[in-house]
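What follows is a single structure, written as structure tokens, with notes after it.
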Amino acid sequence: MDAIEDAQTGIINIDGAIFIICIAPITTSDETAISNGTLLIGRKIDKEIISYISNLLDAAIVISDNPPATSESTIVVEKNREKN
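Numbering-wise (this note's numbering), the sequence shown opens with residue 507 and increments by one.
Below is the structure:
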């Protein structure tokens, strides 16, 4: 068992709000115990978070609920472009 490899991350849209989420099994620090549950954490993506990440990456970030050719939410990072 490898809890780090079993962790899943993603972006979801709930009623028009975009969230970054992570779900991972709960185990001991040395990962020797069988998972005793699951941890789910998330953070709503708002203008402050977008601005913070944009400044860290020195890139403009665009979040789209319906990008072309897919129905999933997407984050596009455009390096050396004007920041929003």
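Ideal Cβ positions, reconstructed from N, Cα and C, are used throughout, including at glycine.
As the structure is a computational prediction, the values presented were derived from the model and not from experiment.
Taking the continuous beta strand (DSSP E) assigned at residue 519, which residues delimit it?
-> 514–520
Buried or exposed for residue 518, please, with buried defined as at least 16 other CB atoms from any protein chain shown within 10 angstroms of its CB.
-> exposed
Could you check the C-alpha separation between residue 542 and residue 513 for me, to the nearest Å?
-> 14 Å
Mind checking residue 567: buried by the 16 CB within 10 Å criterion, or exposed?
-> buried
Note the first and the last residue of the continuous alpha helix (DSSP H) segment covering residue 556.
-> 553–563
Span of the beta strand (DSSP E) around residue 472 | This structure cannot settle anything about residue 472, because the visible part of the chain is limited to 507 through 590.
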